[in-house]
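A short worksheet on the structure shown next.
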């Protein structure tokens, strides 16, 4: 009965009338069963066309109880705001199951990057990987899927690529920001966005468009400013927005990250505007600096601790053949943190 | 000839008339020499009373080519500003020598923390450790020294404890800040400091005192404000300083970290002062937020990339018995980054 839908271990177990742990252990050579039980399971596997998601671990003589993680280095203009919390969360989750994290350097040369993943896996230094900063056509995803090397990812890639994944609902995050601005009475709301090649950016931008359309508003084309996501771009783009004629000039700016929002703050203040009352500005990521700038910046916080915990739990399920769901992306909701940059009376 | 001073491998080599690599390889069982050469080296070892710094690695059947690193988790109020750069630097240095970094969780329970170090070493998951956030009487240092477990540290501990170590000259950093303020014409310079139990804090504060004394100035006792190093303390302490009578009121504030400086900025601006011209404020650490606050904050930058590279090079020397210097702390100079918070005409 092979079909395009993946048959799960649970279905095999139900068909054979045993627990899924029993099926998993049998297929991994971790248990010997009564001949008739084994025959029943083998038959169910054949009849349903079950295919393990990853190569049976018993082919490898031993596991390292080590998980591999590498990430794109930050730059002074674009610091990594979540690394510490994400690592600490993953470390604690891994260690609770007697696993450790092996960190390895990111290589901008893709071939070298992929070789590193392969070598670490083939030399059994790690049992599987956690990926982050996932983009469209991510070469790591394609490479690991093709070789059936176990991994989980923080972030989605192309919709047609299926793999175990956790992501934050950036679309929902922007909807929250725009709805908050609408409730404060704003109608001319601009957005500082990334280039169209950015998967994360498109996802967040979609939330802006949805919220505007739901409110019956059609954004002026000039209100969507796209650039490299740095402070300097936020500053330039905001200057352009503030130079629009009064009837087209936005009264609120939602930036897809905090860095662009910091630039927007600077440009608005240089124009003599009082941020919070004359103009509202919001960011995304709730970076540490968001609470130190003046006025403190409204932003969207991602549940990083939860993400780290779930990534490890998911990867351990994959490694233990207990990951029975079709590999879909688990979406987590972000949280809106309202501060004085959009709400002068905010306490923070 | 045993004495309190450690005899180095170099001295043994000189005495025996061979290279120190030869001595190292012989003592590690990595080479067979002519019997007379070996005898000459053994004799020099005995005569000088040479004792290897760490137990001969050949006692362990294999090495893991893995280095262990754990760090204190940050909090939202006190983010870890250097983790990404330090990790990337250590990863790249380690991988250049075919080593990897195993990260493990910090445990606030000291006994559990030390057990983790011991287990990772005894089960041969790691060959040695890198420590950071080192304090006085650091239990990790005492524990690892006692067991002769290889490690290097970013930061000094008690002066009498000798171990391979790299640190940033925080005293020099504060001297640079205070001298810059003196050159700008300030004489009443206050300092926002940590409690007296902080080794890093005392080191930085010493630089303030040295620079003031060199300029023939005796700081008013109220100019030294001590607290927990957070934004809130910086704000309160600055409010107290600004309430002093004019002749005792400081015209410049040097904070031992950027967070306290952010609080000082806020308090000064709430008093209607124009930071940079009415009052000068400087921080330390050059955190990402330093360039986003208004006005951008003068701060002291640590050479983090260089520190990561040198920590790994030092640890590999220890592991390869090529670490021949007496275990002293290598002090690296920080860099003063002047911005508008102390110098209104600064370009950044």
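Chains as they are written, first to last, in this note's numbering: chain A, 1091 to 1438; chain B, 1091 to 1438. Where is the CB? At the ideal position from N, CA and C, for every residue including glycine.
Residues near residue i in its chain [Cβ-Cβ closer than 7 Å; skip 5 each side]
i, result
"residue 1263 of chain B", "1294, 1297, 1374, 1390, 1424"
"residue 1144 of chain B", "Summary for residue 1144 of chain B: the model assigns pLDDT 40, below 50, so the residue's position carries little reliability; its value from the coordinates is reported in the next sentence. Counting only Cβ-Cβ distances below 7 Å, and skipping sequence neighbours, we find 1238, 1240, 1408."
"residue 1186 of chain B", "none"
"residue 1138 of chain B", "1091, 1097, 1101, 1102, 1105"
"residue 1228 of chain A", "1247"
"residue 1149 of chain B", "A caution first: residue 1149 of chain B carries a pLDDT of 40, below 50, which makes its placement in the model unreliable, though a value can still be read off. Contacts found: none."
"residue 1254 of chain B", "1242, 1404, 1408, 1413, 1417"
"residue 1151 of chain B", "Caution applies to residue 1151 of chain B, whose pLDDT of 45 falls short of 50 and renders its modelled position unreliable; the value that the coordinates give is listed next. So the list is empty, once near-sequence residues are dropped."
"residue 1127 of chain A", "1108"
"residue 1426 of chain B", "1266, 1267, 1270, 1390"
Cut-off 6 Å between Cβ atoms - residues of its own chain near residue i, not counting five sequence neighbours on either side
i, result
"residue 1072 of chain B", "The structure shown does not extend to residue 1072 of chain B, since chain B is modelled only from 1091 through 1438, so no value can be given for it."
"residue 1223 of chain A", "1162"
"residue 1388 of chain A", "1372, 1428, 1429, 1431, 1432"
"residue 1392 of chain A", "1258, 1424"
"residue 1418 of chain A", "none"
"residue 1219 of chain A", "1158, 1241"
"residue 1252 of chain A", "1417"
"residue 1179 of chain B", "1395, 1398, 1399"
"residue 1301 of chain A", "1265, 1268, 1269"
"residue 1331 of chain B", "1280, 1340"
"residue 1140 of chain A", "1097, 1102"
Best match in the options for proximity to residue i [C-alpha to C-alpha]
i, options, result
"residue 1280 of chain B", "B/1321, B/1311, B/1368, B/1206", "B/1311"
"residue 1327 of chain B", "B/1304, B/1353, B/1229", "B/1353"
"residue 1210 of chain B", "B/1156, B/1318, B/1109", "B/1156"
"residue 1344 of chain A", "A/1139, A/1291, A/1103", "A/1291"
"residue 1230 of chain B", "B/1125, B/1202, B/1270, B/1274", "B/1202"
"residue 1097 of chain A", "A/1420, A/1363, A/1413, A/1426", "A/1413"
"residue 1200 of chain B", "B/1173, B/1232, B/1169, B/1177", "B/1232"
"residue 1250 of chain A", "A/1261, A/1260, A/1235", "A/1235"
"residue 1261 of chain B", "B/1308, B/1346, B/1272", "B/1346"
"residue 1285 of chain A", "A/1361, A/1420, A/1318", "A/1318"
"residue 1313 of chain A", "A/1322, A/1382, A/1329, A/1173", "A/1329"
"residue 1307 of chain B", "B/1349, B/1377, B/1434, B/1272", "B/1272"
"residue 1376 of chain B", "B/1169, B/1434, B/1182", "B/1169"
"residue 1420 of chain B", "B/1380, B/1110, B/1245", "B/1245"
"residue 1111 of chain B", "B/1436, B/1410, B/1426", "B/1410"
"residue 1165 of chain B", "A/1309, A/1127, A/1378", "A/1378"
"residue 1124 of chain A", "A/1108, A/1136, A/1135", "A/1108"
Within chain B, the residues that residue i reaches when beta carbons sit closer than 7 Å
i, result
"residue 1195 of chain A", "1178, 1181, 1182, 1185"
Interface partners of residue i on chain B, CB under 9 Å
i, result
"residue 1174 of chain A", "1161, 1163, 1164, 1169, 1170, 1173, 1174"
"residue 1321 of chain A", "1381, 1382"
"residue 1356 of chain A", "1382, 1384"
Supposed close pair residue i, residue j - CB separation, criterion 8 Å
i, j, result
"residue 1369 of chain A", "residue 1351 of chain A", "Incorrect: roughly 12 Å between the Cβ atoms, too far for contact."
"residue 1192 of chain A", "residue 1190 of chain B", "5 Å"
"residue 1283 of chain A", "residue 1320 of chain A", "Not really, about 13 Å apart at Cβ, beyond 8 Å."
"residue 1325 of chain B", "residue 1356 of chain B", "5 Å"
"residue 1184 of chain A", "residue 1402 of chain A", "5 Å"
"residue 1274 of chain A", "residue 1216 of chain A", "Incorrect: roughly 49 Å between the Cβ atoms, too far for contact."
"residue 1384 of chain B", "residue 1359 of chain A", "7 Å"
"residue 1206 of chain B", "residue 1194 of chain B", "6 Å"
"residue 1256 of chain B", "residue 1422 of chain B", "7 Å"
"residue 1434 of chain B", "residue 1362 of chain B", "With 8 Å as the limit, residue 1434 of chain B and residue 1362 of chain B do not qualify as a contact, their Cβ atoms being about 17 Å apart."
"residue 1173 of chain B", "residue 1299 of chain A", "Actually they are not in contact, since the Cβ atoms of residue 1173 of chain B and residue 1299 of chain A sit about 36 Å apart, beyond 8 Å."
"residue 1380 of chain B", "residue 1348 of chain B", "5 Å"
Where residue i meets chain D, residues with beta-carbon distance less than 8 Å
i, result
"residue 1352 of chain A", "You won't find chain D in this structure, because its protein chains are A and B."
Residues near residue i in its chain [Cβ-Cβ closer than 8 Å; skip 5 each side]
i, result
"residue 1226 of chain A", "1247, 1248, 1287, 1289"
"residue 1175 of chain A", "1394, 1395, 1398"
"residue 1196 of chain B", "1160, 1161, 1162, 1163, 1203"
Amino acids of chain A, ordered along the chain, whose beta-carbon sits closer than 9 Å to that of residue i
i, result
"residue 1192 of chain B", "1156, 1190, 1191, 1192, 1193"
Contact list for residue i against chain A, beta-carbon separation under 8 Å
i, result
"residue 1359 of chain B", "1384"
- [ ] Identify each residue in the segment 1375-1400 of chain A for which the Cβ-Cβ distance to at least one residue of chain B is less than 7 Å, and report them in chain order.
- [x] 1378, 1379, 1382, 1383, 1384
- [ ] Could you name the residues of the segment 1212-1230 of chain B whose beta carbon sits closer than 8 Å to any beta carbon of chain A, in the order they occur along the chain?
- [x] 1215
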